[in-house]
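To start, the structure under review is shown below, and the notes come after it.
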Amino acid sequence: MQVYLDNNATTMCDPKVVEAMLPFFSEQYGNPNSLHKFGSSTHPALMNAINQTYKAINASDNDDIVFTSCATESNNWVLQSVWIDHVLNGDKNHIVTTEVEHPSILSTCKFLEEQGVKVTYLPVNEEGVVEAHTVKSFITDKTALVSVMWASNETGMINPIKEIGEICKEKGVLFHTDGVQAVGKIPVDLQDVHVDFLSFSAHKFHGPKGIGGLYIKDSQELSPLMHGGEQMGGRRSGTLNVPYIIGMGKALELATENIEETMAKIRAKRDRLEDALLELSDTFTVGNRDNRTPNTILISIKGVEGEGMLWDLNNGEIGASTGSACASEDLEANTVMLAIGADNELAHTGIRLSLSRFTTDAEVDYVISHFKNAVARLRGISSSFAKQAPTKGGEVQEC
Ligand SMILES: Cc1ncc(COP(=O)(O)O)c(CNc2co[nH]c2=O)c1O
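This note's numbering puts the first residue of the sequence shown at 5, with every later residue one more than the last.
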């Protein structure tokens, strides 16, 4: 049995999404900016996809949604253009973000620091969540932008975005949220939550890789990063990726049409899996489940190196990760676990399991069995895990 539990890294394209995309590769393949019928024949489907995207995040007609190649582009765009507009051509010089943002935020902030921008990396609490009062305390009259992810790709923990948005609005500071792990997974209602910019990415909610977007409140000014061609009203030049935009719209419709019911079904499987794995001795998971995306588990297994566990799981045809794939090549400690206070040894033991609406009960049963046997195997050969009686209920199964 093959079981894919790395949906925070990327998801399978829903077959219904593929079906919606197909006609726009070799039948209706015109450039939407062309004046002839080959181009204009794409417009109805494009408009439908745009409407599906606006509806999924409850954006208003006054707002802009600009299609990008991915959330990394969206994140780079906001950070670099706020620097251009409000630091190079304004009187600001400060950005507030957190220690646990995705590398596309953290690396861009590092680049901006090299250009002279002051960046505050806020700490998170023991649950991996940044507290709104902490954000407030670091905003100054020189702050150009606050950027805080809506939900963590590594822990699933959800930040107090509504409160932070109210603080930024009150202080007159621009607010960006990296919504990649929230859009299509939990309710995102931008009439209820104040954000100036929101990044999202289709391959996180069963859409195609290579398409994402940036929500821009009230269509406010933001210097373009991509010039020439003047598509998207000059906000993001480049020929529109028609099939992918249509795929993202369909994926958002499918992900959000019954989101509460979908979340409940995914959470039930996640909780059953998490409860079973926590029967293993010397394990813990990060964060309160009620403030976590319904599909994510970050579990620490004392005495078991994360990479070794991934290798064993992979041998069992189970796909998981130790955290952001963008950082996985460096085999360093999980930065989020370090940020919440785990020591270096513990921070090397994190395994992230992220389910989807396609995860089945049979797959959960298989993972429970294989995971427990893998832990027994790896602890059996671990020099760092003293042979000890389990510190809490549940026997470690003999392999
Ligand atoms: C919060 C967050 N922001 C931005 C990105 C980048 O999105 P992309 O540019 O559209 O790919 C990711 C991808 N996160 C992960 C990719 O692999 N493992 C992950 O956790 C993410 O989780």
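Cβ coordinates follow ideal geometry from the N, Cα and C atoms, glycine included.
Remember, it's a predicted structure, so these values are computed and weren't measured experimentally.
Is valine 128 close to ligand 1? I mean its beta-carbon at under 8 Å from any heavy atom of the ligand. Outside the cutoff, so no.
Given a cut-off of 9 Å, decide if aspartate 316 and alanine 378 are closer than it, judged by their beta-carbon atoms. Yes, these two residues count as a Cβ contact at 9 Å.
Spatial neighbours of alanine 63 within its chain, please: CB distance less than 7 Å, with the 5 preceding and 5 following residues excluded, ordered by chain position. Here the set comprises Ile69, Leu194, Tyr219.
C-beta atoms of valine 100 and phenylalanine 42 nearer than 9 Å: No, Cβ-Cβ distance for valine 100 and phenylalanine 42 is not below 9 Å.
Please name the residue, chosen from Gly253, Val121, Ala148, that lies closest to alanine 206 on a Cα-to-Cα basis. Taking only the C-alpha atoms, the option nearest alanine 206 is Gly253.
Can you give me the start and stop residues for the alpha helix (DSSP H) that serine 44 sits inside? That run of the alpha helix (DSSP H) goes 41-44.
Excluding the 5 residues preceding and the 5 following phenylalanine 288 in the sequence, name in chain order all residues of the same chain whose CB lies nearer than 6 Å to its CB. Answer for phenylalanine 288: Ser304, listed in chain order.
Own chain, CB closer than 7 Å to serine 328, minus 5 neighbours either side, in chain order: Here the model assigns serine 328 a pLDDT of 48, short of 50, so the residue's position is not dependable and the matter cannot be decided.
Can you check which of these residues, Ala155, Val134, Lys140, Ile88, is closest to glycine 120 by C-alpha distance? Closest option to glycine 120, Cα to Cα, is Ile88.
Check whether the segment 124-137 and the segment 66-85 touch, using three or more Cβ-Cβ pairs below 8 Å as the test. No: fewer than three Cβ pairs fall under 8 Å.
Simplified DSSP state of glycine 238, which is helix, strand or coil: It is helical.
So is the beta-carbon of cysteine 113 under 8 Å away from any non-hydrogen atom of ligand 1? No, the Cβ of cysteine 113 stays beyond 8 Å of every heavy atom of ligand 1.
Tell me which residue opens and which closes the alpha helix (DSSP H) that lysine 269 is part of. From DSSP, the alpha helix (DSSP H) with lysine 269 extends over 263-281.
The segment 8-18 touching the segment 360-372, judged by at least three CB pairs closer than 8 Å: Segments in contact, yes.
Just mark leucine 281 as buried or exposed, buried being the case when its beta carbon has 16 or more other beta carbons within 10 Å. So leucine 281 ends up on the buried side.
Would you kindly check if the distance between the Cβ of isoleucine 165 and the Cβ of valine 177 is under 9 Å? With respect to isoleucine 165, valine 177 sits apart: the two C-beta atoms are not nearer than 9 Å.
With a threshold of 8 Å (Cβ to nearest heavy atom), would threonine 147 be considered close to ligand 1? Flag unset: Cβ of threonine 147 not near ligand 1.
If we count Cβ pairs, one from each stretch, closer than 8 Å, do we get three or more for the segment 28-36 versus the segment 241-250? In short, these stretches touch, since the Cβ pair count reaches three.
Looking at lysine 221: is its Cβ nearer than 9 Å to the Cβ of aspartate 67? Cβ atoms of lysine 221 and aspartate 67: closer than 9 Å.
Between which two residues does the alpha helix (DSSP H) carrying lysine 114 extend? Its alpha helix (DSSP H) spans residues 107-118.
Where does serine 85 sit, in a helix, a strand or coil, going by DSSP? In this structure, DSSP gives serine 85 a helical state, which the three-state scheme calls helix.
Threonine 363: beta carbon under 8 Å from a heavy atom of ligand 1? No, ligand 1 has no heavy atom inside 8 Å of this Cβ.
Would the C-beta of valine 184 count as close to ligand 1, meaning under 8 Å from any of its heavy atoms? Yes; taking the cut-off as 8 Å, the Cβ of valine 184 has a heavy atom of ligand 1 nearer than that.
Can you tell me whether alanine 337 is helix, strand or coil according to DSSP? The answer is coil: DSSP assigns alanine 337 none of H, G, I, E or B.
What did DSSP end up calling arginine 293 once you bin it into helix, strand or coil? It is helical.
Is alanine 186 near ligand 2, judged by its Cβ being under 8 Å from some heavy atom? Annotation note on ligand 2: not contained in the displayed structure, which lists ligand 1 as its ligands.
Return helix, strand or coil for alanine 53, following the three-state DSSP convention. DSSP, read as helix, strand or coil, puts alanine 53 in helix.
May I ask whether a heavy atom of ligand 1 can be found less than 8 Å away from the beta carbon of asparagine 163? It does not: the Cβ of asparagine 163 is nowhere closer than 8 Å to a heavy atom of ligand 1.
What residues match up with threonine 138 in a beta bridge as DSSP calls it? For threonine 138, no pairing in a beta bridge is given by DSSP.
So, are the CB atoms of serine 358 and glycine 160 less than 9 Å apart? Between serine 358 and glycine 160, the gap from beta carbon to beta carbon is short of 9 Å.
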